[in-house]
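See structure below.
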Ligand SMILES: Cc1cc2nc3c(=O)[nH]c(=O)nc-3n(C[C@H](O)[C@H](O)[C@H](O)COP(=O)(O)OP(=O)(O)OC[C@H]3O[C@@H](n4cnc5c(N)ncnc54)[C@H](O)[C@@H]3O)c2cc1C
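In my numbering, the protein residues as written are 63 to 481.
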């Protein structure tokens, strides 16, 4: 994207017109359309709409959004499903966002139109796409959408999360719960290991003879020392982690026999949670926003697509340098994107971006760890500029305090996005 300074904007009427969005007859405000009402999309819509000179439309098929974050607590019986759900009423009523519950099916970047499943065509001046992730169902033999109804991924929150919870509830004491983890990059790097920790917390109380087996495609994982010392402390002997170098990674599943197969072995599960490899949400891939990696290349200063002008991609779908695929990152990217769009619409220089990720991860119901990481563009790539993390030797009261902070973070964060 070319940067537009106040000075450039003020060169004269012709220059001003060149930078102003095209206005259709009767159109009084520039139109920003946001596709995907998850964390990235809802945040962009709200922060653009704070400037009431812009007309903002949010397109999202669901009327209630279920957060993945804290869904592992629901699996462990530590949180209700209802507490994970958020509606769009406040975004519409307080911020004047037009919320359309529909699916975007196509984008015409030349005509600047988004087509919806219902047949509606939405014209835009600036478009933001934040469709989250899709699963590479063909990557593990036998694991397709039908198989996910038997061996849930529960990696998008909703019915899949409920299914996994029901299976864990129904599992006999002494059963084996298998969690498979894909190669990077995938949504929420600490998520599978938090899931193992909280499933162990639940088993320890209600099914103490049960085991958890993590079949990882990788040989190491984020916060590994914190997790493994927590597992030793709370659940000795209950969780086994097998890295990819020992197994060759998961290659196939047999849903009839409840078997999970790796390159070197086969494992019988009582409950199998298959987290497949991931790629950008299908809308992003079907509309030419993704490259051969399956993710969307963006200008890491502005979040504008490198492949389509006037279309921005935030959240898990974007390739955002060192930034992990997390809700906190999606929210932070969304704010930078919103300010960039507002700056572009008014012809001013956008502020220099500084982005953040703060993540709370539960090792048990009363032991949580946290990390806080900041990111800045460096040579055009978003790189880590600061980092602070929990330590293995933290005192018990520090960990208990992190549990309380995590609950407060959830309330404040979801209010920032939806309220
Ligand atoms: C178990 C688990 C735990 C997690 N814990 C944390 C945590 O503690 N902290 C943290 O920061 N992150 C956490 N995450 C990660 C976080 O949930 C995601 O990174 C975040 O939701 C990404 O936001 P997004 O906007 O990219 O995608 P999403 O939030 O998934 O939103 C995408 C939205 O786009 C909509 N959509 C898709 N296609 C279309 C279309 N064609 N038309 C219209 N709408 C469409 C979808 O319906 C969806 O609502 C966790 C994830 C998991 C799985």
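For glycine and all other residues, C-beta sits at the position ideal for the given N, C-alpha and C. Computed from a prediction, not measured in an experiment: that's the story for all the values here.
Close CB contacts of residue 251 within its chain, under the 6 Å cut and outside five residues either way in sequence, are with 284, 386 (chain order).
Contiguous beta strand (DSSP E) elements confined to the segment 133-195 occur at 147-149, 160-162, 166-170, 175-178, 183-185, 188-191, taking only those with 3 or more residues. Residue 378 has its alpha-carbon roughly 20 Å from the corresponding atom of residue 221.
Taking residue 471 as the centre and dropping the five residues before and after it, the same chain places the C-beta of 420, 422 closer than 8 Å to its C-beta, in chain order. Proximity to residue 260 across 137, 346, 299, 275 peaks at 137, based on C-alpha coordinates.
Per DSSP, the unbroken beta strand (DSSP E) holding residue 93 starts and ends at 93-97. The segment 212-249 contains, as complete beta strand (DSSP E) runs of 3+ residues, the segments 238-243 (chain order).
For residue 421, the shortest C-beta to heavy atom distance toward ligand 1 is below 7 Å. Relative to residue 477, the option among 177, 323, 416, 153 whose CA is nearest is 153. Here DSSP, grouped into helix, strand and coil, assigns residue 301 to strand.
Rounded to the nearest angstrom, the Cβ distance from residue 323 to residue 109 is 46 Å, too far for a contact under 8 Å.
The secondary-structure analysis by DSSP pairs residue 255 with nothing; it has no beta-bridge partner. Three or more Cβ pairs drawn from the segment 304-316 and the segment 279-296 lie within less than 8 Å of each other, which places the two stretches in contact. Along the length of the segment 436-479, whole beta strand (DSSP E) runs at least 3 residues long occupy 443-451, reported in chain order. By DSSP's assignment, residue 278 forms a beta bridge with 243.
For residue 108, the enclosing alpha helix (DSSP H) begins and ends at 101-111. Taking 8 Å as the cut-off, the Cβ atoms of residue 106 and residue 400 count as close. Rounded to whole angstroms, the gap between the alpha carbons of residue 291 and residue 264 is 18 Å. Contact annotation, residue 215 with residue 393: C-beta distance approximately 23 Å; criterion of less than 8 Å not satisfied. DSSP places residue 399 within a helical segment (H, G or I) once states are collapsed to three. In the DSSP assignment, residue 346 falls within the alpha helix (DSSP H) that extends over 344-348.
Check the Cα spacing between residue 238 and each of 229, 435, 361: the tightest is with 229. Proximity of the beta carbon of residue 378 to ligand 1 is indicated: a heavy atom of the ligand is located closer than 7 Å.
A residue is called buried once 16 or more other Cβ atoms fall within 10 Å of its Cβ, and residue 128 is buried on that count.
Closest by C-alpha distance to residue 130, out of 432, 253, 258, 364, is 253. For residue 115, no alpha helix (DSSP H) segment is defined, and its DSSP state is neither H nor E. Rounded to whole angstroms, the Cβ separation of residue 202 and residue 371 is 37 Å, and the two are not in contact under 8 Å.
Sequence-distant partners of residue 258 (beyond 5 residues in either direction) whose C-beta falls short of 7 Å from its own C-beta, in its chain, are 241, 274, 276, 301.
Within 7 Å of the C-beta of residue 101 there is at least one heavy atom belonging to ligand 1.
Counting along the chain, residue 308 sits inside the alpha helix (DSSP H) bounded by residues 306-309.
Per DSSP, the continuous beta strand (DSSP E) segment holding residue 323 begins and ends at 321-324.
Look at residue 210 here: in three-state DSSP terms it is helix. If you check the CB distance, residue 194 and residue 383 do not come in under 8 Å. By the criterion of a C-beta distance shorter than 6 Å, residue 256 is surrounded in its chain by 134, 423, 424, once the five residues flanking it on both sides are discounted. Listed in chain order, the non-local C-beta contacts of residue 176 below 6 Å within the same chain comprise 95, 166, 169, 184, local neighbours out to five positions each way being set aside.
In this structure, 150 is the residue among 150, 144, 444 with its C-alpha nearest to the C-alpha of residue 122.
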